[in-house]
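J.:
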Amino acid sequence: MHQPVLLHEVMEVLQPRQGMFYIDGTIGSGGHASSIIEQIAPKGTLLGIDRDPSSVSSAKEYISHVVAEQELDVAVTIREGNFGGLAQIISEYGERKADVLLIDLGFSSDQLISGKGFSFRKDEPLIMRYDGDAGKETAAQVVNGYPEAKLAEVLKEYGGERSARRIARSIVRTRRKNRIRTTGELVEVINEALSGMYRPKLHPATRTFQALRILVNRELENLEQLLNDIPNIVAPGGRVAIISFHSLEDRLVKQRFKALASTAGAVLLTKKPITPSEGEVKRNPRSRSAKLRAITLKPSAKGGKT
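In terms of the numbering used here, the sequence shown opens at residue 586 and continues consecutively.
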């Protein structure tokens, strides 16, 4: 199972307690949720959503097992959904808002082996969609259809790729002869474009794959929507914790949390982002770039959770 990142730190900032309504907007396989539901029992409520149908299935199975094994008195709903639409989803459950909200923006090891093209270490179809919706844009459509200038812009903006123009030029030159259909073919193109360039830490395809994943899943747009909707999702005095994995996400979270603190009376629980300990990074190398930020909303006049 995917190892939950910064679990101890998440528990400390969210402080889940008995009877709380907890929303996990990226439940994945249920790693964080399995620990938090122990704290909100009895009489607590979990609403877990995820864009990936396979993650939803895994979470349902795992959380059901945890609830049964520990005989927890919690109401559990786990369903497919996008956290960008969380305000609409929560409205379907009445007027109650969340006491604690957790968003983990990382993608799991399960997704790397999903066959959808998230990994540059395997030769798979260029899909890169979490939800697998056949009617929506895929990485292959971007790579084979975007003009060179637009492709370079995507790689630079979403991937921070300094050689974006060089890679985009190589992609366009290659696709004129043959359509680029798989991750392996795309990696070959990138390697050719960056031949001779020294990159000691990152695989040459890392930033390009990140950019394509962010684009086709509209990750930043969904995050912005969620951040704007926080007052409609979380109750007064409620707490929000968001784990990001690259600077684009972290910047959005930082700016929105600061705005809530300066204009809406919220309190920052993390003056600076919390990062994994050396021990956690050794146990789980994928946690290396994780950054946790948290905030508590202004309590109501009658008092609220803190």
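The C-beta atom is built at its ideal place from N, Cα and C for all residues, glycine as well.
Could you say if the stretch 806-813 and the stretch 739-758 meet the contact criterion of at least three C-beta pairs nearer than 8 Å?
T.: Judged by Cβ distances under 8 Å, the stretch 806-813 makes no contact with the stretch 739-758, as fewer than three pairs qualify.
J.: Give a yes or no on contact between the stretch 649-664 and the stretch 709-718, applying the rule of three or more CB pairs nearer than 8 Å.
T.: Verdict: no, contact absent.
J.: Return the CA-CA distance between Thr768 and Ser885, expressed in angstroms with no decimal places.
T.: Taking the straight line joining both Cα atoms gives about 51 Å.
J.: Got a sec, what are the start and stop residues for the alpha helix (DSSP H) Tyr647 sits in?
T.: Start and end: Pro638 to Gln655.
J.: Taking the continuous beta strand (DSSP E) assigned at Ser829, which residues delimit it?
T.: Unbroken beta strand (DSSP E) run through Ser829: Val819 to Ser829.
J.: How would you call His617, buried or exposed, if buried means at least 16 neighbouring beta carbons within 10 angstroms?
T.: Per the 10 Å Cβ criterion, buried.
J.: Pull up the DSSP beta-bridge partners for Asp635, would you.
T.: The partner list for Asp635 (beta bridge, DSSP) reads Glu665.
J.: Leaving out five residues on either side along the sequence, give the residues of the same chain with a beta carbon under 7 Å from the beta carbon of Thr759.
T.: The answer, listed in chain order, is Ile765 and Val774.
J.: According to DSSP, simplified to helix, strand and coil, what is Lys876?
T.: In this structure, Lys876 counts as strand in the three-state DSSP scheme.
J.: Thinking C-beta only, is Glu742 closer than 9 Å to Ala796?
T.: The answer is yes: Cβ separation under 9 Å.
J.: Using 9 Å as the threshold, is the C-beta distance between Ile815 and Val590 below it?
T.: Not a contact, by the Cβ cut-off of 9 Å.
J.: Have a look at Glu597 and Ile674 and give me their C-alpha separation to the nearest angstrom.
T.: In a straight line, the C-alpha of Glu597 is about 27 Å away from that of Ile674.
J.: If we count the other Cβ atoms within 10 Å of its Cβ and call it buried at 16 or more, is Arg636 buried or exposed?
T.: Arg636 is buried by the Cβ-count criterion.
J.: DSSP beta-bridge partners for Tyr607?
T.: Per DSSP, Leu631 and Val685.
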